[in-house]
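What follows is a set of notes on a single structure, which appears directly below.
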Amino acid sequence: MFNQLDKPLEGEVKMTMKTNFGDMKFRMFPDKAPKACENFLTHAENGYYNGLIFHRVINDFMIQGGDPTGTGMGGESIWGKAFEDEFDIELRNYRGALSMANSGPSTNGSQFFVVQANKVPAMMLAQMEGMSEQGYPYSVQENYKAVGGTPWLDFKHTVFGQLYEGFDVLDKIAAVKVGAGDKPVFDVEITGIEIEK
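Positions in the sequence shown are counted from 1; adding 97 to them yields the numbering used here.
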């Protein structure tokens, strides 16, 4: 049985995102989100993300990057146009999920975010309990209870990877001082990305 929160399995694609705050290691899900993975990993191999900043950081929510303009308004996919969402019942916006940022349905480009929220509001967990038929089976409810996350983003943002090492780095980045537009006052930078296939 597939569980997004498991440690990487033998033969899985793994990715290390190096930042000026430390390294974050992710397992990737090309079988479930092929286009999002191909887009991200190709950009990474081409050095597209090197030197880019996390332009939007909201503590107890998420950190967002992948925009060459550093404004949240730029960036494009490897195909030069937006590509469609890829939702999978087994991929969720748990804490540590690597998801595509977008501006509406099927508007994916180069921007992504990592979910940092370490708990789900109690009211939302209670609502989920009656929704096992509507896409929130017991296993998903239990995972959200255990690790936190942002279930309201499920089926709105494509999940294509999961952090398994470096949660301390994620939390450190999320805690930085921010100014207007939730932009960090001091740059939080991606210094490189290493892929292990």
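Positions of the beta carbon are idealized from the N, C-alpha and C atoms, including for glycine.
Anyone know if the C-beta pair for residue i and residue j falls short of 8 Å?
| i | j | result |
| --- | --- | --- |
| GLN101 | LEU195 | no |
| SER207 | GLY172 | yes |
| TYR191 | LEU222 | no |
| VAL285 | PHE118 | yes |
| MET220 | PRO248 | no |
| VAL211 | MET170 | no |
| VAL275 | ASP120 | no |
| ILE292 | ALA141 | yes |
| GLN238 | GLY193 | no |
So what does DSSP say about residue i, is it helix, strand or coil?
| i | result |
| --- | --- |
| VAL211 | strand |
| PRO218 | coil |
| GLU226 | helix |
| ALA194 | strand |
| GLU291 | strand |
| ASP120 | strand |
| GLN161 | strand |
| LYS242 | helix |
| GLN101 | coil |
| LEU295 | Since the first residue shown for the chain is 98 and the last is 294, residue 295 is missing from the structure and cannot be characterised. |
| THR113 | strand |
| PHE126 | coil |
| GLU286 | strand |
| PHE137 | helix |
| PRO234 | coil |
| ILE270 | helix |
Suppose the cutoff is 6 Å on Cβ atoms and the five residues either side in sequence are ignored; what does the same chain contact list for residue i look like?
| i | result |
| --- | --- |
| ASP157 | ALA214 |
| ALA243 | none |
| THR139 | ILE175 |
Rounded to whole angstroms, how far is the Cβ of residue i from the Cβ of residue j, which I believe are closer than 8 Å?
| i | j | result |
| --- | --- | --- |
| VAL154 | VAL273 | 6 Å |
| GLY245 | LYS269 | Not confirmed; about 17 Å, so no contact. |
Using C-beta distances below 7 Å, list every residue in its chain close to residue i, excluding the 5 sequence neighbours before and after it, in chain order.
| i | result |
| --- | --- |
| GLU262 | LYS122 |
| ALA179 | SER203, THR204, ASN205, GLY206 |
| ARG124 | PRO105, GLU109, LYS111, GLY258, GLN259, TYR261 |
Enumerate in chain order the residues of its own chain whose CB-to-CB distance from residue i is below 8 Å, with the five nearest sequence positions on each side excluded.
| i | result |
| --- | --- |
| ILE287 | MET114, LYS115, THR116, TYR146, ASN147, GLY148, LEU149, ILE150, PHE151, GLY162 |
| GLU183 | LYS129, ALA130, PRO131, LYS132, ALA133, THR255, PHE257 |
| ASN136 | SER174, ILE175, TRP176, PHE180, ASN205, SER207 |
| ASP279 | ARG153, VAL154, ILE155 |
| PRO218 | none |
| SER229 | TYR235, GLN238 |
Just tell me which of the options has its CA closest to the CA of residue i.
| i | options | result |
| --- | --- | --- |
| GLU109 | MET220, GLY177, ILE186, PRO127 | PRO127 |
| PHE252 | LEU260, GLN259, LEU267, TYR233 | TYR233 |
| LYS294 | VAL217, ASN143, MET112 | MET112 |
| ALA277 | LEU106, ASP103, THR168, PHE209 | THR168 |
| MET98 | LEU138, LEU250, SER236 | SER236 |
| PHE209 | ASN143, PRO165, GLU107 | PRO165 |
| LEU250 | SER200, ALA271, GLU107, ILE290 | SER200 |
Cβ of residue i less than 8 Å from any chain D Cβ?
| i | result |
| --- | --- |
| THR255 | You won't find chain D in this structure, because it holds only one protein chain. |
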